[in-house]
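The next block holds one structure in the form of structure tokens; read it before the comments.
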Amino acid sequence: MKIARYAQGSRILIGVVDADGICIRPLAEDLQDMVDVIQRHGAPADTLRVDATAVRLDQIRLLPPLVPRRNIFCVGKNYRAHAKEFAGSGYEAGAVKGAEIDEYPAVFSKPPSTVVGDGDTVQLHPQATSEVDYEAELAIVIGKAGRDIPAPRALDHVWGYTIVNDVTARDRQRKHKQWFLGKALDTFCPMGPWIVTAGELQHDDLAVKCWVNGELRQDANTRDLIFDIPTLIAILSAGLELQPGDVIATGTPAGVGIGFSPPRFLKAGDEVSITIDAIGRLTNRFA
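Counting from 172, one number per residue, gives the positions in the sequence shown under this note's numbering.
Below, the structure is given as structure tokens:
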């Protein structure tokens, strides 16, 4: 199921997208917050009920499918080719050639104020940065609370998947020698266009692609992840309780702006479009 949050006139609704991708049907329940849906419907395919009235997607405005109440975790350098391009870019403090692959994943967070939806504008914040970059990522949506989750049972805690663009201010990332300040600017986490429930896709074999102004920049597959999804959940939940609605962005493949020489940063008017198999397309303009 593809479950979206959207605006129709002055109303905010949550609905299920038809299989043809043309129409959406609102839930029979009057819910506006995806976290409430997740908490009430741990097995959405079995329990969600929709209204019979369908509306075309081109007649509504998609909203971020989820605005987390707690955590947006992000994983850095989780594709080998990207880890190598990042180490060679001059933007990673202490990078050593030949030691690009870490023994443990790098993890940071984004505040909820970074989240925008499909079609929304991402602010470039020229007063704060001049080096804005894109990062296409598969993101996990947690559906079941848990702490110290063993990897073999980790997928039991996944409610669904969505797309995230982990927008980054590279100069802030470099200057401050840590990642939060380069990742946390308002609108720096486009998410969407909807959430696909966990049973609908094969998470470890999904093509991830990103275009900038129609030019293909990133082209990889989630089977290339260094730390797979069960491992990430096990590591993140060690001593830390994951809650329904928490989001984990799993890392970006090679082809980001700093991977070019000279780097190719985003500018006003640029359009970034990301596709992931079985999920859809997330598109945003930058201004």
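Idealized CB from N, CA, C, for every residue including glycine.
Judged by their CB atoms, Pro-236 and Gly-416 are not nearer to each other than the 8 Å cut-off.
In this chain, the alpha helix (DSSP H) harbouring Asp-207 covers 205–211. With respect to the C-alpha of Ala-214, the residue from Leu-356, Ala-316, Ala-258, Thr-368 having the closest C-alpha is Thr-368.
By the criterion of at least three beta-carbon pairs nearer than 8 Å, the stretch 240–256 is in contact with the stretch 415–429. The closest CA to that of Gln-210, considering only Ile-397, Ala-223, Ile-243, Val-329, is found on Val-329.
DSSP places Pro-297 in no alpha helix (DSSP H); its state is neither H nor E. When rounded, the separation of the alpha-carbon atoms in Lys-173 and Thr-285 is 23 Å.
Pairing Asp-375 with Thr-393, the inter-Cα distance amounts to about 5 Å. A check of alpha carbon separations from Gly-259 across Gly-317, Glu-200, Pro-434, Lys-438 identifies Pro-434 as the nearest. Between the stretch 377–391 and the stretch 294–314 there are three or more C-beta pairs closer than 8 Å, enough to call the two in contact.
By alpha-carbon distance to Glu-442, the top candidate from Leu-453, Ala-449, Ser-432, Asp-448 is Leu-453. Excluding its 5 nearest sequence neighbours in each direction, Leu-411 has C-beta neighbours in its own chain below 7 Å: Arg-318, listed in chain order. Here Leu-407 has Phe-244, Val-278, Leu-413, Ile-419 as same chain residues with Cβ atoms under 8 Å from its own Cβ, once five neighbours each way along the sequence are excluded. DSSP, read as helix, strand or coil, puts Ala-409 in coil. Per DSSP, the unbroken alpha helix (DSSP H) holding Phe-351 starts and ends at 351–354. At a Cβ-Cβ threshold of 8 Å, Tyr-177 and Leu-233 count as neighbours. Closest in alpha carbon position to Val-293, among Leu-377, Lys-354, Arg-227, is Lys-354.
If you draw a 10 Å sphere on the C-beta of Tyr-275, you find fewer than 16 other C-beta atoms in it, and that means exposed.
A buried status is given to His-212, since no fewer than 16 other beta-carbon atoms sit within 10 Å of its beta-carbon. Rounded to the nearest angstrom, the Cβ distance from Glu-371 to Ala-449 is 6 Å, consistent with a contact under 8 Å.
In the three-state DSSP reduction, Phe-257 falls in the helix class (H, G or I).
In this structure Ser-280 is not in contact with Asp-342, their Cβ atoms being roughly 20 Å apart against a cut-off of 8 Å. Following the DSSP letters along the chain, one finds Gln-414 in no beta strand (DSSP E), marked with neither H nor E.
Cβ-Cβ distances below 7 Å link Ile-193 to Arg-227, Leu-228 in the same chain, with the five nearest sequence neighbours on each side left out; the list follows chain order. With distances taken between CA atoms, Gln-179 lies nearest to Ile-195 out of Ile-400, Ile-195, Trp-382, Pro-323. Membership of Arg-388 in the beta strand (DSSP E) is indicated by the continuous run 386–392.
Following the DSSP letters along the chain, one finds Lys-346 inside the alpha helix (DSSP H) bounded by residues 341–347. Separation of Ile-397 and Asn-249 (C-alpha to C-alpha, rounded to the nearest whole angstrom) is 5 Å. In the three-state DSSP reduction, Pro-361 falls in the strand class (E or B). For Thr-446, the CB contacts under 7 Å within the same chain, skipping 5 residues up- and downstream, are Lys-380, Arg-452 in chain order. DSSP places Asp-304 in the strand class (E or B) of the three-state scheme.
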